[in-house]
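Sequence positions in the sequence shown follow our numbering and run 40 to 134.
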Amino acid sequence: MIEYTLTTTWLGQVIIVVKDRRALWRVEFCEPANRFLDDLHLNAPHAQRVPGDQLEMFCNAVAEYFHRPSRPFSLPLHLTGTTFQLTVWRALQTV
């Protein structure tokens with residue numbers, strides 16, 4: 040299941056998209072939000088908007104990362120792509 044919520048950070052409003060409440064899938068600045076939501080529903084037509092408190096762990100982690108980007112980002116990520124792209128994403132996570 041794909042769920043999303045809007046949250047406000049010191050950098051502006053952000054849309055956070057989560058897969059199965061286990062992994063962060065996308066984080067997007069939503070200016071304008073409608074363009075992102077159209078794209079999201081095109082690629083994930085069953086995505087559901089939920090209240091921010093249901094995805095609080097993800098909202099807090101993203102906001103914390105924006106405040107202190109030098110700290111490690113510990114949330115699990117839902118990676119998508121070709122085999123090569125996934126290999127590159129995994130390698131980048133170790134940097």
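C-beta: ideal position from N, C-alpha, C; glycine also. The model shown is predicted, which means the values in this text are computed figures rather than measured ones.
Where residue i falls: helix, strand or coil (DSSP)
i: Phe32; result: Because the chain here runs from 40 to 134, residue 32 falls outside it and cannot be looked at.
i: Leu131; result: helix
i: Leu76; result: helix
i: Leu125; result: helix
i: Pro118; result: A small fix is needed here, since residue 118 is Leu in this sequence, not Pro. Residue state, collapsed to three classes: coil.
For residue i, the residue or residues it bridges with in DSSP
i: Gly51; result: Thr48
i: Ala62; result: Lys58
i: Arg88; result: Tyr43
beta-carbon residue i near the ligand NAD non-hydrogen atom, thresh 7 Å
i: Thr44; result: Ligands displayed in this structure: none; no statement on the ligand NAD is therefore possible.
First through last residue of the alpha helix (DSSP H) which encompasses residue i
i: Val101; result: Glu95 to His106
Anticipated Cβ contact below 8 Å, residue i with residue j, distance rounded
i: Gly91; j: Glu70; result: Gly91 to Glu70, Cβ: 18 Å. No contact.
i: Leu79; j: Thr44; result: Not confirmed; about 12 Å, so no contact.
i: Leu116; j: Phe97; result: Not confirmed; about 11 Å, so no contact.
| Meets three-Cβ-pair contact criterion under 8 Å: the segment 115–128 and the segment 69–88 | no
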